[in-house]
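Below: one structure, written as structure tokens.
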Amino acid sequence: MRQTAIITGATSGIGEATALKLAENGFDLIITGRRQEKLESLKERLEKTGSRISALRFDVRSEAEVNAALGNLSPEWNAIDVLVNNAGLAAGLEPLQQGDSSDWNRMIDTNIKGMLYVTRSISPGMIARKRGHILNIGSVAGKEVYPGGNVYCATKHAVDALTKGMRFDLLPHGIKVTQICPGAVETEFSLVRFHGDRARADKVYEGYESLTADDVAACILFAVTRPPHVNISDITVMPSAQASATVLHKTQHTRLDR
Ligand code: NDP
Ligand code: 8X3
Numbered sequence: 086m087r088q089t090a091i092i093t094g095a096t097s098g099i100g101e102a103t104a105l106k107l108a109e110n111g112f113d114l115i116i117t118g119r120r121q122e123k124l125e126s127l128k129e130r131l132e133k134t135g136s137r138i139s140a141l142r143f144d145v146r147s148e149a150e151v152n153a154a155l156g157n158l159s160p161e162w163n164a165i166d167v168l169v170n171n172a173g174l175a176a177g178l179e180p181l182q183q184g185d186s187s188d189w190n191r192m193i194d195t196n197i198k199g200m201l202y203v204t205r206s207i208s209p210g211m212i213a214r215k216r217g218h219i220l221n222i223g224s225v226a227g228k229e230v231y232p233g234g235n236v237y238c239a240t241k242h243a244v245d246a247l248t249k250g251m252r253f254d255l256l257p258h259g260i261k262v263t264q265i266c267p268g269a270v271e272t273e274f275s276l277v278r279f280h281g282d283r284a285r286a287d288k289v290y291e292g293y294e295s296l297t298a299d300d301v302a303a304c305i306l307f308a309v310t311r312p313p314h315v316n317i318s319d320i321t322v323m324p325s326a327q328a329s330a331t332v333l334h335k336t337q338h339t340r341l342d343r
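Numbering (this note's numbering), first residue to last: 86 to 343.
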């Protein structure tokens, strides 16, 4: 039987690669994000695999938008088997005492509250059908804290705690919950973190081979294709050149030069 997955933040990076990977492996998909043009072009690409694709534009920070988009899915789309809570971002890398509260609010509202709103909307249907799998994209920043990581790390620690909380609450209903925690993945992540400063963003990935979004998508595919009695609780996936959030073996530097 074909399965349906919903992926938040499918317009770039890990979400986009996951959409491609799942479509190639026979999933029908609801892809979401804020950038309409990117959603439309991705929908066209994904439809070439033969999968059914629905594109929904909404901002996960708005509970009203989330509920309007997901609260009344048509019968052909409302039996969701897999939810990938991927939409997220870092904004800034300043010490806390120099931090910008608008950056803090964006991270907290997207990474924590957005994930909660989407999960609150989708999980009752999974419970009613007694099947489902929720995957939360955490981070090495949810396992460790690094200088300047303050609020971003706190949001990813929250993802770690909420993943464990969801697992308890959904356990009696047969819903699997998985956390995927990558190290450095070259996507739009650093460009967003550094507010569009391309030179600074590119530097994050210089001097070693970072993960690709496709490497993370492969972990997600592995987790969602295990048999019903197997739940992958947590995957931490790092570049081979990365030992911790801040220590990378670079050809020119030994510490992550953010
Ligand atoms: P990208 O910036 O490439 O992708 C982020 C995605 O999230 C985009 O599709 C964006 O879509 C979406 N998004 C951001 N804010 C919102 C919002 N308010 N509402 C809806 N969608 C939103 O980064 P990544 O692919 O790297 O990041 C994906 C996840 O992986 C994030 O949770 C990130 O924290 C995590 N991660 C990334 C790592 C890395 O090194 N890259 C490592 C560990 C974890 P749009 O702009 O169209 O709304
Ligand atoms: C993204 C990885 O190390 O920049 O979550 O926080 S890191």
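Glycine included, every Cβ here is placed at the ideal spot set by N, Cα and C.
Rounded to the nearest angstrom, the Cβ distance from residue 145 to residue 195 is 6 Å, consistent with a contact under 8 Å. Here the alpha carbon of residue 272 sits roughly 7 Å from the alpha carbon of residue 298. Taking the CA atoms as reference points, residue 296 sits about 11 Å from residue 98. Summarising the contact set, residues whose Cβ lies nearer than 5 Å to any heavy atom of the ligand 8X3 are, in chain order, 224, 226, 330.
Between residue 118 and residue 95, the beta carbon gap of about 6 Å places them in contact (Cβ cut-off 8 Å).
Residue 279 is classed as buried because its beta carbon has at least 16 other beta carbons within 10 Å across all chains shown.
Contact check between the segment 112-132 and the segment 211-222: fewer than three CB pairs, one atom from each, fall below 8 Å, which does not count as touching. Residue range 298-309 is occupied by the alpha helix (DSSP H) that includes residue 300. The way I'd put it, the segment 252-264 does touch the segment 196-214; three or more beta-carbon pairs between them come closer than 8 Å. Under the three-state reduction of DSSP output, residue 218 falls in the strand class. Using a Cβ-Cβ distance cut-off of 8 Å, the segment 183-193 and the segment 231-241 are in contact, since at least three pairs of beta carbons, one from each stretch, lie closer than that value. Secondary structure note for residue 225: it is in no alpha helix (DSSP H), with a DSSP letter that is neither H nor E.
Assignment of beta-bridge partners to residue 144 by DSSP yields no partner. For residue 140 against residue 155, the beta-carbon gap comes to about 13 Å, at or over 8 Å, which does not count as contact. Just so you know, the alpha carbons of residue 91 and residue 107 end up roughly 10 Å apart. The shortest CA-to-CA distance from residue 233 to any of 198, 180, 192 is the one to 180. As the crow flies, the alpha-carbon of residue 242 is around 18 Å from that of residue 202.
CA-to-CA, the gap between residue 254 and residue 204 works out to about 12 Å. By the neighbour-count definition (other C-beta atoms within 10 Å, threshold 16), residue 313 is an exposed residue. Of the candidates 231, 111, 316, 244, 244 places its Cα closest to the Cα of residue 193. Exposed is the label assigned to residue 183, since fewer than 16 other Cβ atoms lie within 10 Å of its Cβ. Per DSSP, the unbroken beta strand (DSSP E) holding residue 113 starts and ends at 112-118.
Rounded to whole angstroms, the Cβ separation of residue 324 and residue 269 is 6 Å, and the two are in contact under 8 Å.
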